[in-house]
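Protein sequence lines, in the order shown, are assigned to chains A and B. Residue 144 in the working numbering sits at position 144 of the first sequence, with consecutive numbering throughout. Just add 1000 to wherever you are in the second sequence, counting from 1, and you've got the working numbering. C-beta: ideal position from N, C-alpha, C; glycine also. Model, not experiment: these values are computed from the prediction. One structure is given below, encoded as C-alpha cells.
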Amino acid sequence: MMTTPAASPSEASPPEGAACALGQTGGARMKVGFIGLGVMGRPMAQHLQRAGHELFVWARRPASAAGLPATICATPAELGRCCEVIFTVITSSADVEAVALGPDGLSEGMAPGSVLVDCSTIAPDAARRIAGALGKKGIHMLDAPVSGGAQGAIDATLAIMAGGDAAVLERVRPLLDCLGRRIVHIGPNGAGQVAKACNQMIMVAAIEAVAEALRLANAAGVDAAKVKQALAGGSAASRVLEVMGQRMVNRDFAAGIEARLHHKDFGLVLEAARQAGVPVPLTAAVGQQLNALMAQGMGRDDTSSLLRVLELE
Amino acid sequence: MKIGFIGLGIMGRPMALNLLKGGHAVTVWARRAESMHPLVDAGATAAASPADAARGNELLISMVADAPDVAEVMRAALPGAAPGLVAVDMSTIAPAAARSIHAELAAAGVDFVDAPVSGGEVGAIAGTLSIMAGGSESAFARAKPAFECMGKNVVHVGDSGAGQVTKAANQIVTGMGVLAVAEAFAFAAKNGVDRSKVREALLGGFAYSKILENHGQRMLDRNFKPGFKSWMHEKDLNIVMQTAHELGLCLPGSAATAQMFNAMVGSGHGEEDSIAVLKLLEKLSGQA
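In C-alpha cells form, the structure reads like this:
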C-alpha cells in the first residue's frame, strides 16, 4: 500500500545555506506529511525533506507526487497514522474540510497530540470549525496561510501568519523556518486566515491601483514603463508596483498565481466583512473587476490581467 | 383548494389570511405554536408538523427566512405529500438554492415553484403583492388560484429559479433606488436646498419612481420604522453579489450598494427600514 520512489540525488541533498537543516539547528528529525503538491505545496514539501525530515505524501492525482523523495500513502487517514505533523496546501474550505474530517480523512488516522498545519487560504470560520472538530480528538491545528507566491515558496521566503495555540506553533516552528522568513503568531484559530484575508485585500487592491495608473498613463499617450520607473523611487513604491507593474509593462500575463485564486479569496474576504458588518467599499469594487476578469476568460492568467479588464476598446 | 401553509411571520400571516378569505381550506404550521392562533381563529386548521401540513393537500406553501429553512421544512413535509402535490416557496432565497430544492423534490415526485414576492407587509395585507414565479407551466397553473388571492401582479417568469432571479433583480433596482434617492437628498441638503421641494420637482420628470415618491416622503418625515428592514435588504443583496461572484458578473453599482447596507447592519441600523441609509450618508458627510 505504500511505495517509496527512489530519491534522485539532486532532490535528496539539502540546498546550501538552508537555515533549518537539522545538522545546523540540532532539531529532531520528524515524520512530516504533506497534502497539496501544487505550485506552492511542492517546493514547500521539498524544503522540509531537504532539511532532513522524513516526508510522507498523499495526492489526489498520484502523478503530482512523481519524483518526490517521499513515501506515498493511499489515503489521508493513512498519512495521518504515519506522521507527527501534517501540512495541507489546497484550494477551498470544502477541500480542507473533506481532507481533514471526511471519510478516510486525516482525523481518522492522526494520533492525539499530532499537528495539522493548514497553509491553504480558506474562510476563518471554516478554519475554526475544523480546528474545533480535530480538537475533540486531541489533534492540534494551526491555520498558517502564506504570502509570497510561487517564488516565495521556491526561495523559502514566505510570510507565514499563524492562528492557533502558541505552544503548538513553537513545536512546529522549526518546520516553518524551512518554508519562510517571517512567521508571526497572530492569535487563536482563524486569526491566521483573517490576516491572510487582510493581505489579499491590500495586495489585489494595489494591483488594481497599478493597473488603473498604467492604463491612464498609456491612454494619455505616456510611456507606462517610464511612469513605473519614476514611481518606483517615490512614495508610491511597492512590491506590487515592482512585480505586477513590470508584468503589465511587459504585457506578460502568464500566471504567477492564477487570478481565479484571488477571485476565490475575494469571495472569502467579502463574506468575512459581511459577517462582521464592516463596510469594505474598495474591496467590493475590486471584487467586481475580478468578476469581470473571470467573465472574460482570464481566470487562469495572472492577476496583472486586471489591466486588460480596463482596456475596453 | 386545499392548501398547507408554513411560516406565519410578518408576511406569511396576512398571506394565509387572504387564502382563507378567498375561500380555500388552509392548514397552517409554524415553529412557534402561538403564531398559529390568529389563523386558527380565522378558520384555519393547525397542523402538528410540516408533514401534517402537506397531508391531503393539493398545494403546500412556505414563507420562511432563508434557504436552509426552506429545504428543511420541505424535506420534513415530504412524508405527508400525496402524489401530485405542488410545493411553492414564496421566501426570498438564492436562485441556485431554489433550483437545488426543485431537483430534490422532483426526485420525490413533488413539483416545485419558486414564487418570491415584492410589496412588503402592506402588499401582503392588502393582497396586492407582486408575485414572480419560476417552475413548470403545469405547476404554475395549479398554484395560480392561490397566487391570485395574495397578489395582483402574478407573472410566470420561466423555469425553476427564474422567480428568484427576478426577485434578485428587483432587489438590485430597489436597493440602488433607495440609495439614489438618499444621495440626491443628501446632495440637496448639503447645498442648502429644501429636499422636499427637490422631491416635488423630480416627481414630474424622468427621475419619477415609486421609491422617490413613497420612500422619499418617509425620508423627509424621518420615519425609519420598517417597512422593509435593512438587514433583509442586505441579505438579499448578498444573494445578488454571491450569484454574481459565482457567475463572473461585474455589478459595480450593486457592490457599492451592498456595502452601504453592510455598514447599516454593522452600525446597528439593521432593524430600521432600508431608508435609514440616509442617516448613514449624513453621518459620512458630517450632516448628522
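What number of angstroms, rounded off, separates the C-alpha of residue i from the C-alpha of residue j?
i        : j        : result
E1058(B) : Q1164(B) : 23 Å
A195(A)  : L175(A)  : 21 Å
K1021(B) : A1263(B) : 41 Å
Q1287(B) : V1173(B) : 26 Å
N1153(B) : S1136(B) : 19 Å
A128(A)  : F1140(B) : Here residue 128(A) is Arg; the residue named in the question, Ala, does not match the sequence. If I take the Cα positions, the gap works out to 44 Å.
A1162(B) : D1089(B) : 13 Å
G1205(B) : R1218(B) : 20 Å
A1042(B) : L1017(B) : 7 Å
S10(A)   : M30(A)   : Annotation note: pLDDT 39 at S10(A) (below 50); position unreliable, coordinate value reported separately. Each residue's Cα considered, the two are about 21 Å apart.
A59(A)   : D301(A)  : 25 Å
S1230(B) : L1179(B) : 12 Å
M44(A)   : I154(A)  : 7 Å
G1151(B) : L216(A)  : 51 Å
A1094(B) : A213(A)  : 37 Å
G245(A)  : R182(A)  : 25 Å
H140(A)  : A131(A)  : 7 Å
V168(A)  : G52(A)   : 21 Å
H185(A)  : A166(A)  : 7 Å
F1112(B) : A1143(B) : 10 Å
P279(A)  : G287(A)  : 14 Å
K1279(B) : I1010(B) : 25 Å
P1038(B) : M1015(B) : 13 Å
D104(A)  : E78(A)   : 8 Å
A211(A)  : C83(A)   : 45 Å
V172(A)  : N199(A)  : 23 Å
I122(A)  : M298(A)  : 22 Å
K1096(B) : T1166(B) : One point to set straight first is that residue 1096(B) is Ala, not Lys, in the sequence displayed. Their backbone Cα atoms lie some 13 Å apart in a straight line.
A12(A)   : A272(A)  : Annotation note: pLDDT 38 at A12(A) (below 50); position unreliable, no value reported.
Show which residues of chain A have a CB atom less than 8 Å away from the CB atom of residue i.
i        : result
N1262(B) : A273, R274, G277, V278, P279, V280
A1255(B) : A284, A285, G287, Q288
M1001(B) : Those within 8 Å of M1001(B) in chain A number zero; the least Cβ separation is about 40 Å.
M1176(B) : Near M1176(B) there are no residues of chain A at all, since even the closest Cβ is about 14 Å away, more than 8 Å.
Strictly below 7 Å CB to CB, what residues from chain B border residue i?
i       : result
M294(A) : G1248
N291(A) : A1244, H1245, G1248, L1249, C1250
In chain A, which residues lie less than 7 Å from residue i when you measure between Cβ atoms?
i        : result
P1252(B) : A285, Q288
Q1171(B) : Under the 7 Å cutoff, chain A gives no residues; its nearest Cβ is about 15 Å from Q1171(B).
Q1259(B) : P279, V280, P281, A284
A1188(B) : Under the 7 Å cutoff, chain A gives no residues; its nearest Cβ is about 23 Å from A1188(B).
Along chain B, which residues have their Cβ under 9 Å away from the Cβ of residue i?
i       : result
L312(A) : Those within 9 Å of L312(A) in chain B number zero; the least Cβ separation is about 12 Å.
With distances taken from CA atoms, which of the options is nearest residue i?
i        : options                                : result
I1003(B) : E1034(B), D1052(B), E1271(B)           : D1052(B)
L282(A)  : M1260(B), V1028(B), S1274(B)           : M1260(B)
M1063(B) : E1104(B), R1099(B), A1124(B), G1204(B) : A1124(B)
V240(A)  : N250(A), A209(A), A254(A)              : A209(A)
R42(A)   : P188(A), L79(A), I90(A), T75(A)        : I90(A)
M1241(B) : G267(A), G233(A), G105(A), S304(A)     : G267(A)
P1116(B) : N1214(B), S1209(B), C1250(B), Q1171(B) : Q1171(B)
K137(A)  : G149(A), V115(A), E313(A), A156(A)     : V115(A)
E1272(B) : R1032(B), V1155(B), R1222(B), L1203(B) : R1222(B)
A70(A)   : T303(A), E97(A), G33(A), V85(A)        : G33(A)
A197(A)  : A230(A), D265(A), L169(A), S93(A)      : D265(A)
H1215(B) : M1132(B), L1251(B), A1184(B), A1244(B) : A1184(B)
A1081(B) : T1257(B), T1128(B), A1054(B)           : A1054(B)
A98(A)   : I202(A), L307(A), Q275(A), I35(A)      : I35(A)
M1036(B) : A1077(B), V1277(B), G1007(B)           : G1007(B)
A254(A)  : F56(A), Q289(A), A144(A), R308(A)      : R308(A)
A1276(B) : A1244(B), G1175(B), Y1208(B)           : G1175(B)
S1100(B) : A1067(B), H1269(B), V1073(B), T1027(B) : A1067(B)
P145(A)  : S107(A), V249(A), G135(A), S93(A)      : S93(A)
R61(A)   : C73(A), G163(A), I160(A)               : C73(A)
H1269(B) : A111(A), L270(A), H262(A), G277(A)     : G277(A)
Cβ closer than 9 Å: which chain A residues qualify as neighbours of residue i?
i        : result
V1265(B) : R274, G277
Quiz prompt | chain A contacts made by the stretch 1144-1156 of chain B, where a contact means CB separation under 9 Å | solution = Interface annotation for the stretch 1144-1156 of chain B against chain A: empty, criterion Cβ-Cβ distance under 9 Å.
Quiz item: Taking a cut of 8 Å between CB atoms, which residues from the stretch 246-270 of chain A lie near chain B?
Solution: Within the stretch 246-270 of chain A, the residues whose Cβ lies closer than 8 Å to some Cβ of chain B are H263, F266, G267, L270, listed in chain order.
Practice problem: Quick one: which residues of the stretch 1194-1217 of chain B get their C-beta closer than 7 Å to a C-beta of chain A? List them in chain order. | Solution: Of all residues in the stretch 1194-1217 of chain B, none has a Cβ within less than 7 Å of some Cβ in chain A.
Exercise. Can you check the stretch 1114-1173 of chain B for any beta strand (DSSP E) of at least 3 residues that lies completely inside it and give the ranges in chain order?
Key: Those beta strand (DSSP E) runs which fall completely within the stretch 1114-1173 of chain B and span 3+ residues are 1129-1134, 1151-1158.
Self-check item: Near-chain A residues of the stretch 1226-1244 of chain B - C-beta to any C-beta below 9 Å
Solution: Of all residues in the stretch 1226-1244 of chain B, the ones placed with a Cβ closer than 9 Å to any Cβ belonging to chain A are E1234, N1238, M1241, Q1242, A1244, in chain order.
Practice problem: Report the residue ranges of all beta strand (DSSP E) runs contained in full by the stretch 71-127 of chain A; include only those spanning at least 3 residues, in chain order. | Solution: The stretch 71-127 of chain A contains these whole beta strand (DSSP E) runs: 85-88, 115-118.
Practice problem: Please specify which runs of the beta strand (DSSP E), each continuous and at least 3 residues long, are wholly inside the stretch 1087-1116 of chain B, giving them in chain order. | Solution: For the stretch 1087-1116 of chain B, whole beta strand (DSSP E) runs of length 3 or above, ordered along the chain, are 1111-1114.
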